[in-house]
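Q: Structure incoming, see below.
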Amino acid sequence: MPASGSTAAALAVRLSALGFSTRVEEHARHTTVEAEVPDALSAETWREVLEAVATADRFGLLATSLHGRTLWAVLRKSVPATGDVGGPGHQR
4 MPASGSTAAA LAVRLSALGF STRVEEHARH TTVEAEVPDA LSAETWREVL EAVATADRFG
64 LLATSLHGRT LWAVLRKSVP ATGDVGGPGH QR
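Everything in the sequence shown is counted per my numbering, starting at 4 for the first residue and increasing by one.
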């Protein structure tokens with residue numbers, strides 16, 4: 004599992020321990036973690052959530068009246084070696 008995958012798995016476990024239902028998805032260049040946010044969270048839980056997602060490269064909160072609130076985090080996979088940058092069509 005790439006480093007981003009193991010970090011994402013650890014993030015998902017941490018969020019699950021806080022009572023969140025999580026999803027982890029692997030993509031070509033990154034791994035994502037999403038969690039449905041309950042309606043009521045204490046200030047302490049929000050602090051723990053922010054500490055957890057701070058390990059990600061990017062994170063945010065999507066809130067809609069139709070689907071509620073979804074916390075998301077993106078963890079980039081490791082940078083490829085110089086010869087592999089951009090894939091086969093972009094090698095030096």
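For each residue, glycine too, the CB sits at the ideal point set by N, CA and C.
1. To the nearest whole angstrom, what separates the beta carbons of Lys80 and Arg26, a pair I think is in contact under 8 Å?
2. If you follow the beta strand (DSSP E) that Leu69 is in, where does it begin and where does it stop?
3. For Glu29, write down the residues that DSSP places opposite it in a beta bridge.
4. Quick one: grab the DSSP three-state call for Thr73.
5. Cα-Cα, which of Ser24, Glu37, Val36, Arg17 is closest to Arg50?
6. Please state whether the Cβ-Cβ distance between Leu44 and Ala59 is less than 8 Å.
A: Let me lay it out:
1. Not quite, the Cβ-Cβ distance comes to about 18 Å (not below 8 Å), so this is no contact.
2. Segment: none, Leu69 is in no beta strand (DSSP E) and carries neither H nor E.
3. Thr34
4. strand
5. Arg17
6. no
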